[in-house]
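Here the structure is laid out as structure tokens; the discussion comes afterwards.
Take a look at the structure:
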């Protein structure tokens with residue numbers, strides 16, 4: 110029975126930066142993965158000194174150390190899904206891509222983290238083209254927010270029509286599904302758009318009046334990775350991940366003096 114239980118545990122790897130205040134990044138990813146009853150592993154790309162009010166400093170990992178972490182994970186406990194968050198620079202991006210190809214990683218969810226919720230820059234400008242060139246072609250799903258979708262397409266994304274256009278445009282850069290997260294869209298509803306194999310799926314829910322949304326993108330992409338690891342198709346993975354995110358927002362955790370974190374324990 111014990112071996113059967115161990116075989117059933119899904120392993121999910123997060124490749125991202127840290128958040129010492131615990132609301133986003135690796136810390137949010139691990140909390141989310143654990144709450145989905147999966148086994149969490151992590152590869153750290155950068156360490157950030159940040160809290161609910163902003164990012165104070167960033168110390169990136171050396172590419173060879175990122176490679177060593179990836180080797181250590183894949184050679185021992187191959188993951189059933191991989192979530193990629195903060196990558197910071199082009200050297201780290203190329204290192205990640207090389208090793209994911211090398212080890213045949215599956216169920217890759219790419220969250221193209223560029224700017225923190227508080228406004229701090231989490232990716233160097235030169236890395237944006239590397240992300241498009243090396244990581245988008247590997248992704249089974251890419252999950253940009255409106256700002257990130259604008260960066261990837263070169264156009265400001267402000268409406269549902271813009272989201273639909275951006276989803277199709279980004280789909281030309283990746284073989285995977287595209288999820289445009291519309292949390293910052295104006296209006297009473299929180300709208301997300303999944304574009305998958307030429308079909309569009311809208312996920313709409315009433316906007317929750319909670320300003321504490323630090324780490325929502327990290328949480329959403331990690332939850333999606335967990336459901337893909339368990340065998341869910343893309344649309345079901347997004348739906349179930351969004352339900353988890355809504356519960357975490359509705360819990361109304363209020364920590365810190367700025368834009369606070371979610372309550373992952375829901």
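Residue numbers (my numbering): 110 to 375. Note that beta-carbon positions come from the ideal geometry of N, C-alpha and C, so glycine has one too.
Whole angstroms is fine: what's the gap from residue i's alpha carbon to residue j's?
i: residue 263; j: residue 141; result: 32 Å
i: residue 276; j: residue 302; result: 8 Å
i: residue 278; j: residue 208; result: 27 Å
i: residue 338; j: residue 164; result: 31 Å
i: residue 361; j: residue 354; result: 12 Å
i: residue 201; j: residue 162; result: 27 Å
i: residue 173; j: residue 346; result: 33 Å
i: residue 376; j: residue 118; result: Because residue 376 is not part of the residues shown, which for the chain are 110 to 375, the question remains open.
i: residue 124; j: residue 169; result: 13 Å
i: residue 232; j: residue 171; result: 15 Å
i: residue 196; j: residue 332; result: 19 Å
i: residue 269; j: residue 311; result: 10 Å
With a threshold of 16 other CB atoms inside 10 Å of the CB of residue i, please say whether the residue is buried or exposed.
i: residue 146; result: exposed
i: residue 307; result: exposed
i: residue 222; result: buried
i: residue 253; result: buried
i: residue 335; result: buried
i: residue 159; result: buried
i: residue 405; result: Nothing in the structure corresponds to residue 405, since the chain is present only between 110 and 375.
i: residue 318; result: exposed
i: residue 194; result: buried
i: residue 113; result: Its pLDDT being 47, under 50, residue 113 is placed unreliably by the model, and nothing is read from it.
i: residue 343; result: buried
i: residue 351; result: buried
i: residue 90; result: Because the chain here runs from 110 to 375, residue 90 falls outside it and cannot be looked at.
i: residue 340; result: exposed
i: residue 363; result: exposed
i: residue 129; result: exposed
Return helix, strand or coil for residue i, following the three-state DSSP convention.
i: residue 160; result: strand
i: residue 173; result: helix
i: residue 113; result: For residue 113, the pLDDT reaches just 47, beneath the cut-off of 50, and the residue's location in the model is therefore unreliable, although a value from the coordinates is still provided. If DSSP states are grouped into helix, strand and coil, residue 113 belongs with the helices.
i: residue 145; result: coil
i: residue 267; result: coil
i: residue 151; result: strand
i: residue 129; result: coil
i: residue 123; result: strand
i: residue 254; result: strand
i: residue 302; result: strand
i: residue 166; result: strand
i: residue 294; result: coil
Cutting at 6 Å between CB atoms, please list the residues of its own chain near residue i, excluding the five before and the five after it.
i: residue 248; result: 217, 219, 283, 285
i: residue 297; result: 316
i: residue 132; result: 323, 324, 370
i: residue 313; result: 298, 300
i: residue 287; result: 251, 276, 279, 280, 304
i: residue 214; result: 191
i: residue 330; result: 192, 218, 220, 252
For residue i, which residues from the same chain have a beta carbon less than 8 Å from its beta carbon, with the 5 sequence-adjacent residues on both sides left out?
i: residue 182; result: 122, 150, 152, 188
i: residue 272; result: 255, 258, 266, 289, 291, 294, 300, 302
i: residue 144; result: 353, 373, 374, 375
i: residue 210; result: 247
i: residue 127; result: 134, 135, 136, 153, 155, 156, 157
Closer than 8 Å, CB to CB, is residue i near chain B or not?
i: residue 324; result: Chain labels in this structure do not include chain B; a single protein chain is all it has.
Give the C-beta separation of residue i and residue j to the nearest angstrom, bearing in mind that I take them to be a contact with Cβ-Cβ under 8 Å.
i: residue 320; j: residue 356; result: Their Cβ separation, rounded to whole angstroms, is 17 Å, which puts residue 320 and residue 356 out of contact at 8 Å.
i: residue 199; j: residue 235; result: 6 Å
Beta-carbon within less than 7 Å of residue i's beta-carbon, same chain only, minus the 5 sequence neighbours each way: which residues are those?
i: residue 239; result: 199, 202, 203
i: residue 260; result: 223, 237
i: residue 366; result: 161, 162
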